[in-house]
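A.B. asks:
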Amino acid sequence: MSISYVLVEQLDGRPEPVTLELITAARALGDVVAVVVGEPGAGVNLAAELGNWGAAQVVSAEISGASNRLILPAVDALHILAANNPGPIVIAATASGNEIAGRLAARLASGVLTDVVGINADRTAQQSIFGDTIQVSAAVGGASPLYTLRPGALDGVAVPATGELATIEIPGATAKDVTITSFTPSTQSDRPELPQAKVVIAGGRGVGSEENFRSIVEPLADALGGAVGATRDAVDLGYYPGEYQVGQTGVTVSPDLYIGLGISGAIQHTSGMQTAKKVIVINNDEDAPIFQIADLGVVGDLFDIAPALIEEINKRK
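Pasting the structure below:
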């Protein structure tokens, strides 16, 4: 039976939602081996959940001090596994994930496809290029081809498997390692994480200011239990932090409901949200390109419409 490897993304000892997307994509390539990299015992608490998500096997690749090292522990773990039992490797298309994939491709003499949006059983993959205006199918060679999957590109579907736990030891730190000397976690919001949110309220240049994001965009998101997003223009102007940027150079979202406020619809932004199931936009320019992909477009002043919408939603709760 063919196998595929998935590098588990984890936070505070729990697998992150993108891991379910990785397992879903990798399932087309064979039985999924979920690889947990961390301190001794790292995989024990995750095995049951990863098995429920679809991992036939969970490998805990561990050594003391791994949590204070960057990149190399994951590279070493996947190299050990794939060198002994070759198979495709699927990793999240993050900054660190793409670097891990590149290093592994060199070690394993296999090809790598980055930022894919789907993977096929024949080891080809779909990529969305030129601002998501063109879809291409790409092939990659080698005994252990690598794919980095764009977070949010597909819906994760759990198909329970055995989740059998195994443990391997990975090499310790060397002079080549980059180690973490201090860490200050970012303040976590009570809102859903943007890539996995079912409702996204996004603001653009037309919102006008940071204060308007706080007084209009955030309250609408809170009224609907959603996440806040922003366009690159809004981020560049300092209206909202960069980690909330939706688009080609930001986060890809695929919510059940997307509401855009003051967004013109530049391709840089729409490439990151056009797979939303329902798109509602409010803009005072009836010729704004965003209306071309909207299920419902409202031509009007967002400063009049959004507060009225918030009031009506809250009244109906």
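In UniProt numbering, the protein residues as written are 1 to 317. Quick reminder that beta carbons are idealized off the backbone N, C-alpha and C, glycines included.
Do the region 66–82 and the region 174–188 make contact, defined as three or more Cβ pairs closer than 8 Å?
C.D. replies: A contact exists between the region 66–82 and the region 174–188.
A.B. asks: Do Leu-224 and Val-207 have their C-beta atoms closer together than 7 Å?
C.D. replies: Translated into the one-based positions of the sequence shown, residue 224 becomes position 224. Translated into the one-based positions of the sequence shown, residue 207 becomes position 207. For Leu-224 and Val-207, no; Cβs fall outside 7 Å.
A.B. asks: First and last residue of the beta strand (DSSP E) that includes Val-228?
C.D. replies: Counting from one through the sequence shown, the residue named residue 228 turns up at place 228. Residues 227–230.
A.B. asks: Could you please give me the residues that DSSP links to Asn-283 through a beta bridge?
C.D. replies: Walking along the sequence shown from the start, residue 283 turns up at place 283. Answer by DSSP bridge pairing, in chain order: Val-299.
A.B. asks: Would you mind giving the Cβ-Cβ distance between Ala-77 and Val-35, rounded to the nearest angstrom? I have them listed as a contact below 8 Å.
C.D. replies: Start at 1 with the first residue of the sequence shown, and residue 77 comes out as number 77. Start at 1 with the first residue of the sequence shown, and residue 35 comes out as number 35. Contact flag correct, Cβ pair sits at about 6 Å.
A.B. asks: Going by the C-beta, is Ile-305 closer than 6 Å to any heavy atom of the ligand FAD?
C.D. replies: Ligands displayed in this structure: none; no statement on the ligand FAD is therefore possible.
A.B. asks: With 16 other CB atoms within 10 Å as the buried threshold, where does Ser-189 fall?
C.D. replies: In the sequence shown, counting from the first residue as 1, residue 189 sits at position 189. Exposed, since its Cβ has fewer than 16 Cβ neighbours within 10 Å.
A.B. asks: From what residue to what residue does the beta strand (DSSP E) around Ile-263 run?
C.D. replies: In the sequence shown, the residue the question calls residue 263 occupies position 263. Note, Ile-263: premise wrong, no beta strand (DSSP E); not H, not E.
A.B. asks: Tell me the rounded alpha-carbon separation between Val-112 and Ile-290.
C.D. replies: Counted from its first residue, the sequence shown places residue 112 at position 112. Counted from its first residue, the sequence shown places residue 290 at position 290. Rounded to whole angstroms, Val-112 to Ile-290 spans 34 Å at the Cα level.
A.B. asks: For Gln-274, name the three-state secondary structure that DSSP assigns.
C.D. replies: As a position in the sequence shown, residue 274 is number 274, starting the count at 1. Looking at Gln-274 - three-state DSSP - the assignment turns out to be coil, as it is neither helix nor strand.
A.B. asks: Give every residue of the same chain whose Cβ lies closer than 8 Å to the Cβ of Ile-168, excluding the five residues on either side of it in the sequence, and list them in chain order.
C.D. replies: The residue given as residue 168 occupies position 168 in the sequence shown. The answer, listed in chain order, is Val-59, Ser-60, Ala-61, Glu-62, Ala-77, Ile-80, Leu-81.
A.B. asks: Does DSSP put Gln-256 in a helix, a strand or coil?
C.D. replies: The residue given as residue 256 occupies position 256 in the sequence shown. At residue 256 the sequence reads Asp, which differs from the Gln that was named. In this structure, Asp-256 counts as coil in the three-state DSSP scheme.
A.B. asks: Quick one: grab the DSSP three-state call for Glu-193.
C.D. replies: On the sequence shown, residue 193 is found 193 positions in, with the first residue counted as 1. Glu-193 falls in the coil class under three-state DSSP.
A.B. asks: Residues bridged to Thr-167 by DSSP?
C.D. replies: Here residue 167 is taken as the residue at index 167 of the sequence shown, counted from 1. Partner(s): Ser-60.
A.B. asks: Could you say if the region 114–126 and the region 149–157 meet the contact criterion of at least three C-beta pairs nearer than 8 Å?
C.D. replies: Touching, yes.
A.B. asks: Whole angstroms are fine: how far does the CA of Pro-86 sit from the CA of Ser-144?
C.D. replies: The count along the sequence shown starts at 1 and reaches residue 144 at position 144. The count along the sequence shown starts at 1 and reaches residue 86 at position 86. Taking the straight line joining both Cα atoms gives about 5 Å.
A.B. asks: Can you name the start and end residues of the alpha helix (DSSP H) that Gly-51 belongs to?
C.D. replies: Counted from its first residue, the sequence shown places residue 51 at position 51. Run containing Gly-51: 47–53, per the alpha helix (DSSP H) assignment.
A.B. asks: Based on the DSSP secondary-structure assignment, which residues constitute the bridge partners of Ile-89?
C.D. replies: In the sequence shown, the residue the question calls residue 89 occupies position 89. Looking at the DSSP assignment, Ile-89 forms a beta bridge with Tyr-5, Leu-146.
A.B. asks: Leaving out five residues on either side along the sequence, give the residues of the same chain with a beta carbon under 7 Å from the beta carbon of Leu-104.
C.D. replies: As a first step, residue 104 must be located in the sequence shown, where it is residue number 104. Cβ neighbours of Leu-104 beyond the five flanking positions: Val-75, Leu-78, His-79, Ile-89, Leu-146.
A.B. asks: Let's test the definition: count the other Cβ atoms within 10 Å of the Cβ of Arg-14 and tell me whether it reaches 16, buried, or not, exposed.
C.D. replies: Here residue 14 is taken as the residue at index 14 of the sequence shown, counted from 1. Exposed is the call here.
A.B. asks: What does the alpha-carbon distance come out to for the pair Leu-46 and Arg-191?
C.D. replies: As a working mapping, residue 46 is identified with position 46 in the sequence shown. As a working mapping, residue 191 is identified with position 191 in the sequence shown. Cα-Cα distance, rounded: 24 Å.
A.B. asks: Using a Cβ-Cβ cut-off of 7 Å (strictly less than) and excluding sequence neighbours within five positions of Asp-256, which residues of its own chain qualify?
C.D. replies: Here residue 256 refers to the residue found at position 256 when the sequence shown is read from its first residue. The answer, listed in chain order, is Lys-198, Val-199, Lys-277, Lys-278.
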